[in-house]
Structures are given as C-alpha cells and as structure tokens.
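Asker:
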Amino acid sequence: MYPTIRARTSMSLLVFGLALAGCATSGGPEPPSTGSGSGTTTTTPGYVRDLPPADFHDYLQTRPEAFVIDARPTMQWDDDYGHLDNASQIPLEELDDRVKDLPTDKLRPIAVYDQLDVRSATAARKIAQLGYREVVTMQGGLVAYRHAGF
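In structure tokens form, the structure reads like this:
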C-alpha cells in the first residue's frame, strides 16, 4: 500500500508542478537585441510579462513613461470599475486598425489591461509581435486591481 500512496503523491506533485509552469509569464526572458552589424534593424517580437495587480501598480509608478492601454470595449470604459487615468482606450477588436495609435518608439514600455485579463493577454501578444520590446499585462484585470484597493 505504501508504494501506491507514494506513487500517487509523486504524480500529484508532478501535475501540480506542470500546472505552475503553465502559469509562468507568457514570454520568458527578454529576447536578444534586434540590431545587426550592418546598421539595419529587424523586427523581433518582444516579450510579455503578466503582473499581479500590486506589481502592475508599482510598475506604473516606477515607469511613468509607459503607454497604458485599456483593451476593453467602449461600453466598459466608464463602467463601475472605471479606467486608469492615464490609459488610452484601444479595444482589442480595434487594435489591428489602430496600430498607428501605438508609440513609434518600440522600446517604450506598454502596459495593457482589461476587465478580467482575457482581451489584454491577446492584445499584449499582438503588440509584442509588432516588435515592442516590453509589454506587461495585469493578472486578473481591472476587477482584481480594484479588489486589491487601487
């Protein structure tokens, strides 16, 4: 009986570890520089980090130059959760048509949020694929942010 319990415990720990690994940041470490020796620059996708609400808040405090995007639909802009004061509203559904509204400097950090961290994850991946080097999202979205007291 002991080996069966031990095997079950080992399997449970393995599954738990794999589940935690799947919850890690979506982009991993920062990719290498995009510059080449010939003076031309290629577009290399950036990376996306998912930050808990308190870390997202701290990030915005320490990175005031960050371009903040609210990826929610227009009807949610002034709902009960409001929006962050410095945010630009670019709904996920309009992102492809509004790329020109993003900063021209691809080194400028971009912070993306939405109601529940669904649209923002998709928007952040699209933005990183455009070559923006540092993109962060807020885990749990604006709901979690407000529940955390911000």
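Using our numbering, read the sequence shown as starting at 1095 and increasing by one per residue.
Built from N, CA and C at the ideal position, the CB exists for glycine as well.
Since this is a predicted model, take the numbers as computed values, not measurements.
(1) Please state whether the Cβ-Cβ distance between Val-1212 and Ala-1181 is less than 8 Å.
(2) Taking Cβ to Cβ, would you say Ala-1238 is nearer than 8 Å to Asp-1208?
(3) By Cβ distance, which residues of its chain are closer than 6 Å to Gly-1176, with the 5 residues on each side in sequence left out?
(4) Grab the span of the alpha helix (DSSP H) containing Phe-1150 for me, first residue to last.
(5) Note down the Cα distance separating Asp-1174 from Val-1193, rounded to an integer number of angstroms.
(6) What does DSSP give as the partner residue(s) for Glu-1228 in the beta ladder?
(7) Out of curiosity, what's the CA-to-CA distance linking Ala-1148 and His-1241?
(8) Once the 5 residues before and after His-1151 are set aside, which same chain residues still bring their CB inside 6 Å of it?
(9) For Gln-1233, count neighbouring Cβ atoms within 10 angstroms of its own Cβ and tell me buried if that reaches 16, exposed if not.
(10) Quick one: complete beta strand (DSSP E) runs, 3+ long, within the segment 1182-1230?
(11) In whole angstroms, give me the CA-to-CA distance for Thr-1198 and Thr-1156.
(12) Leaving out five residues before and five after Ala-1222 in sequence, what residues of the same chain have Cβ atoms less than 7 Å from its Cβ?
(13) Do you know offhand how far Thr-1040's Cα is from Asp-1144's?
Answerer: Put simply:
(1) Translated into positions along the sequence shown, residue 1212 becomes position 118. Translated into positions along the sequence shown, residue 1181 becomes position 87. In this structure, Val-1212 keeps its C-beta atom at 8 Å or more from the C-beta atom of Ala-1181.
(2) Counting from one through the sequence shown, the residue named residue 1238 turns up at place 144. Counting from one through the sequence shown, the residue named residue 1208 turns up at place 114. For Ala-1238 and Asp-1208, no; Cβs fall outside 8 Å.
(3) As a working note, residue 1176 is residue 82 in the sequence shown. Within the same chain, Gly-1176 has no close Cβ partners at all.
(4) Residue numbering aside, residue 1150 sits at position 56 when the sequence shown is read from its first letter. Segment 1147-1156, the alpha helix (DSSP H) holding Phe-1150.
(5) What you label residue 1174 is simply residue 80 of the sequence shown in a count that begins at 1. What you label residue 1193 is simply residue 99 of the sequence shown in a count that begins at 1. Going by the C-alpha atoms only, they are around 28 Å apart.
(6) Here residue 1228 refers to the residue found at position 134 of the sequence shown. Note: Glu-1228 sits in a beta bridge opposite Tyr-1141.
(7) Stepping through the sequence shown from its first residue, residue 1148 is reached at position 54. Stepping through the sequence shown from its first residue, residue 1241 is reached at position 147. The alpha-carbon atoms of Ala-1148 and His-1241 are separated by roughly 11 Å.
(8) Position 57 of the sequence shown, counting from 1, holds the residue named residue 1151. Taken in chain order, the residues that qualify are Phe-1244.
(9) On the sequence shown, position 139 is the one that residue 1233 refers to. Gln-1233 comes out buried.
(10) Fully enclosed beta strand (DSSP E) runs of 3 or longer: 1204-1207.
(11) If you number the sequence shown from 1, residue 1198 lands on position 104. If you number the sequence shown from 1, residue 1156 lands on position 62. Annotation: Thr-1198 to Thr-1156 spans about 21 Å, alpha carbon to alpha carbon.
(12) For the purposes of this step, residue 1222 is identified with residue 128 of the sequence shown, where counting begins at 1. Correct list, in chain order: Gly-1121, Pro-1139, Gly-1140, Tyr-1141, Val-1142, Val-1229.
(13) Any question about residue 1040 goes unanswered here, given that the chain covers just 1095 to 1244.
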